[in-house]
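**Student:**
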Amino acid sequence: MAEPIASGGRSLLIRVILGVVAVTVIIHSALFLGIDQVVSRQFDDLHHERMDRLAEQVDERIREELRRQSRLTELLVRDADLINSTYYHLYLEGEQHHPEAAVRRQAEAFELEQVSLWAASDERKVASSRSSGDTMAFNPAGDGREAFVTFEDGGFWLVARQAIEHNNVDIAWLVTATPLDELVASLRDTHSARIERADGEQAGAGVRRIPLTDDSDPSRAALDVMAPDTVARALDDVKALLTITLAVAALLLAIALVVVLRIQLRPVDTVVEHLGHIARGEFGYQAPQPSGAGELSRLVQAFNDMSRDLARLRDVERRLQHEEQLSAIGRVAARVAHDINNPLTVISSVAANLQRDATLADQQREMVNMIDHHCQRCSRTVQELLEYGRPVTPRIQRVDLHALLAGVVSRQSRRWQIPIRLEPATGEDLPEPELDPILVEQMLDNLIDNAAQAAPEGSVEVRLGVVGGDCHIEILDDGPGFAASELGQVFEPFFTTRRDGTGLGLASVLRVVRAHDGDIELGQGPGGRVRIRLPLRQARGIAEEPDGTG
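Just so we're aligned: the sequence shown equals residues 45 to 594 in this note's numbering.
1. By how many angstroms is the C-alpha of glutamate 501 removed from the C-alpha of proline 468?
2. What's the call for glutamate 152, buried or exposed, on a 16-neighbour Cβ count within 10 Å?
3. Identify whether glycine 320 lies in helix, strand or coil by the three-state DSSP scheme.
4. Is it the case that the Cβ atoms of leucine 110 and alanine 204 are separated by a distance below 8 angstroms?
5. Rounded to the nearest angstrom, what separates serine 454 and glutamate 317 at their Cα positions?
6. Where does isoleucine 70 land, buried or exposed, given buried means 16+ other C-beta within 10 angstroms?
7. Since I believe phenylalanine 154 is in contact with lysine 283 (beta carbons under 8 angstroms), could you give me their beta-carbon distance rounded to a whole number of angstroms?
8. Could you please give the first and the last residue of the uninterrupted alpha helix (DSSP H) stretch that includes proline 143?
9. Suppose the cutoff is 7 angstroms on Cβ atoms and the five residues either side in sequence are ignored; what does the same chain contact list for arginine 94 look like?
10. Hey, which unbroken runs of the beta strand (DSSP E) at 3 residues or more fall wholly within the region 459 to 531?
11. Measure the C-alpha to C-alpha separation of glutamate 209 and glutamate 104 and round it to an integer number of angstroms.
12. Comparing alpha-carbon positions, which option in Met411, Leu388, Pro387 lies nearest leucine 398?
13. Following a CB-centred definition, is glutamine 345 positioned closer than 7 angstroms to any heavy atom of the ligand ZN?
14. Looking at glutamate 476: is its Cβ nearer than 8 angstroms to the Cβ of arginine 442?
15. Mapping DSSP to helix, strand and coil, what is arginine 241?
16. Count the CB pairs spanning the region 156 to 167 and the region 207 to 223 that are closer than 8 angstroms, and state whether there are at least three.
17. Measuring CB to CB, does aspartate 514 end up less than 8 angstroms from proline 579?
18. Within the same chain, show all residues whose beta-carbon is closer than 7 angstroms to that of tryptophan 460, passing over the 5 residues directly before and after it, in chain order.
19. So for proline 223, helix, strand or coil by DSSP?
20. Whose CA, out of Ala266, Leu319, Tyr131, Arg342, lies closest to the CA of asparagine 212?
21. Does DSSP put leucine 218 in a helix, a strand or coil?
22. Can you grab the Cα-Cα spacing for the pair histidine 516 / leucine 508, in whole Å?
23. List the endpoints of the continuous alpha helix (DSSP H) containing serine 84.
24. Can you tell me which residues form a DSSP beta bridge with alanine 607?
25. Consult DSSP for serine 160 and reduce its assignment to one of helix, strand or coil.
26. Closer than 6 angstroms by C-beta to arginine 581: which residues in its own chain qualify, once you throw out the five before and the five after it? Chain order, please.
27. Let me check one thing: in DSSP terms, what residues is leucine 267 bridge-paired to?
28. Go ahead and pull the three-state DSSP assignment for glutamine 595.
29. Alpha carbon to alpha carbon, how far is glycine 572 from valine 557? Give it in angstroms, no decimals.
30. By alpha-carbon positions, which one of Ala346, Leu227, Leu279 ends up nearest to phenylalanine 87?
31. DSSP state of arginine 362, grouped into three classes?
32. Hey, how far is the Cα of histidine 560 from the Cα of proline 438?
33. Does alanine 298 come out as helix, strand or coil in the three-state DSSP assignment?
34. Among Ala346, Cys422, Val390, Glu472, which has the Cα closest to the Cα of leucine 445?
35. Here's the rule I'm using: 16 or more other beta-carbon atoms within 10 Å means buried, otherwise exposed. How should serine 230 be labelled?
36. Give the secondary structure of valine 193 by DSSP, where H, G and I count as helix, E and B as strand, and everything else as coil.
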């Protein structure tokens with residue numbers, strides 16, 4: 045009966061854990077759905093806006109740098125030394141080194157990577173700030189733009205050009221060039237962005253492409269700008285942290301709930317354990333009452349009330365069964381006494397007359413004595429049966445139980461001639477219970493007789509003590525004790541293990557104990573042990589019943 049309830053308790057804990065896991069998963073899903081649908085989308089929009097602004101800023105910075113270089117080139121073409129040396133070289137067959145010296149001076153003065161001079165008539169290079177082998181072919185001809193970006197020598201260059209005039213006639217072109225790499229490196233550091241030459245015809249996700257030239261090859265004509273999405277990484281970190289936090293919180297919550305439920309359901313486990321006793325017919329068990337006035341406390345209280353009621357019902361049932369048994373035994377005893385006493389009286393009288401006959405031989409006299417002896421045994425058995433069948437009505441009074449025990453022990457010691465001891469030797473500080481001294485004395489005589497007969501060469505010890513509100517009397521002997529197979533039968537009428545026993549001694553003891561609302565317990569061997577519990581104060585209703593046999 046207890047096992048399904050215990051399984052139900054384990055099932056409750058499993059359901060609680062599954063519930064915590066389910067709630068955690070729901071919270072986790074709702075939280076992550078909210079982050080993805082609201083927070084992440086808003087931050088994605090902000091990131092796209094940032095990328096657009098960054099691309100605009102980079103493009104604007106490149107255009108600004110082109111305008112600056114264009115203005116610088118416009119300033120350089122007004123250099124009189126450059127104009128004169130160029131004119132002398134082109135039209136007056138001046139020396140070559142004068143224009144080269146002029147452009148190198150300008151390149152060094154303004155930290156320009158390359159300055160070159162081109163003839164306007166035939167687009168021939170006249171001079172360059174770099175050696176001929178390192179000079180890049182920045183053709184000044186084209187669509188007429190004064191500043192532009194071109195791709196040369198594996199990189200982008202900022203190029204500006206201006207015409208050199210002499211007497212309002214364009215005689216040459218001055219071309220200045222600066223690599224875009226330095227500007228790009230500066231922009232990377234400023235914006236913490238990734239800026240590099242375009243790779244592929246289509247820009248990837250999260251990439252802004254800035255066209256720089258009109259080249260047909262997109263990978264040579266544009267820059268790709270990519271800003272790190274720190275917010276997305278932060279959100280990923282937050283999601284990972286939330287996942288770990290929720291998992292740990294769910295685990296701790298499950299452990300806490302299991303511990304709390306185990307503590308709170310401990311009274312239920314106790315009730316389950318006691319239900320096992322009740323299922324076996326062992327009524328009267330009381331579960332510890334938990335503190336508080338909650339549902340579990342009421343459950344345990346209801347169980348204890350049920351257990352007490354069942355114990356009382358079982359006690360009433362045993363009383364009724366005992367009364368029916370006594371009634372049946374009384375009827376049988378009356379019939380037996382009526383049918384046997386008269387023949388026994390006749391036989392006993394005849395045997396008495398024969399015993400007075402002096403002419404009997406010794407063997408005949410012995411046989412007559414045997415007849416008389418067995419007639420007396422039969423009469424004694426019938427008398428005990430009659431007495432057992434009569435209801436016991438204890439006459440309750442306050443008794444010095446220690447003195448009563450001392451008198452019984454002293455009398456039985458002289459009778460059996462074996463050591464019979466009483467513990468404690470004195471009765472100081474022992475309460476005086478309410479009982480019938482005559483019935484208790486008869487009960488003790490029966491028990492000590494049995495103990496002495498079980499240990500004829502040993503000893504008997506009688507112990508008296510008080511436990512709670514009850515008196516405990518224990519009779520111990522050195523005999524073999526009660527066998528396990530006999531414990532359920534020793535109190536039945538006519539059950540005996542001795543040849544000359546009637547089987548009514550322990551049955552009579554049980555009648556006296558129950559008449560005083562007590563109980564009796566037998567211990568297994570080796571050694572005999574009988575423990576009797578008698579309440580210190582009798583319930584008056586029980587004591588005054590005609591039968592009184594609980």
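We put the beta carbon where it would ideally sit given N, CA and C, even for glycine.
**Tutor:** Well, looking at it:
1. The alpha-carbon of proline 468 is positioned some 23 angstroms away from that of glutamate 501.
2. When all chains shown are included, glutamate 152 counts as exposed.
3. Three-state DSSP puts glycine 320 in a helix.
4. Yes, these two residues count as a Cβ contact at 8 angstroms.
5. Approximately 46 angstroms, taken between the alpha carbons.
6. With fewer than 16 Cβ atoms within 10 Å of its Cβ, isoleucine 70 is classed as exposed.
7. Not confirmed; about 53 angstroms, so no contact.
8. 141 to 154 is the span of the alpha helix (DSSP H), which, as asked, contains proline 143.
9. Answer for arginine 94: Ala271, listed in chain order.
10. DSSP runs (the beta strand (DSSP E)) wholly in the region 459 to 531: 464 to 467, 504 to 511, 514 to 521.
11. Going from the Cα of glutamate 209 to the Cα of glutamate 104 covers about 31 angstroms.
12. The candidate whose alpha carbon is nearest that of leucine 398 is Met411.
13. The ligand ZN is not part of the structure shown, which contains no ligands of any sort.
14. Going by C-beta atoms, glutamate 476 is nearer than 8 angstroms to arginine 442.
15. Secondary structure of arginine 241 (DSSP, three-state): strand.
16. Output reads yes: the region 207 to 223 touches the region 156 to 167.
17. One thing to note: aspartate 514 has its Cβ within 8 angstroms of the Cβ of proline 579.
18. Contacts found: Ala496.
19. Of the three classes helix, strand and coil, the one that applies to proline 223 here is strand, per DSSP.
20. Just measuring C-alpha positions, the residue of Ala266, Leu319, Tyr131, Arg342 sitting nearest asparagine 212 is Tyr131.
21. In the three-state DSSP reduction, leucine 218 falls in the strand class (E or B).
22. The alpha-carbon atoms of histidine 516 and leucine 508 are separated by roughly 6 angstroms.
23. Element bounds for serine 84: 84 to 120.
24. There is simply no residue 607 to check, as the chain begins at 45 and stops at 594 in what is shown.
25. For serine 160, the three-state secondary structure derived from DSSP is strand.
26. The residues are Glu478.
27. DSSP, once it has assigned bridges, lists Arg241, Ile254 as partnering leucine 267.
28. Nothing about residue 595 can be read from this structure; the chain reaches only from 45 to 594.
29. Going by the C-alpha atoms only, they are around 19 angstroms apart.
30. When only C-alpha atoms are compared, the closest one is Leu279.
31. Of the three classes helix, strand and coil, the one that applies to arginine 362 here is helix, per DSSP.
32. Straight-line Cα distance between these residues: approximately 7 angstroms.
33. Helix, per DSSP.
34. Comparing Cα positions, the closest option is Glu472.
35. Under the 10 Å beta carbon count, serine 230 is surrounded by fewer than 16 other beta carbons and is classified as exposed.
36. If DSSP states are grouped into helix, strand and coil, valine 193 belongs with the strands.
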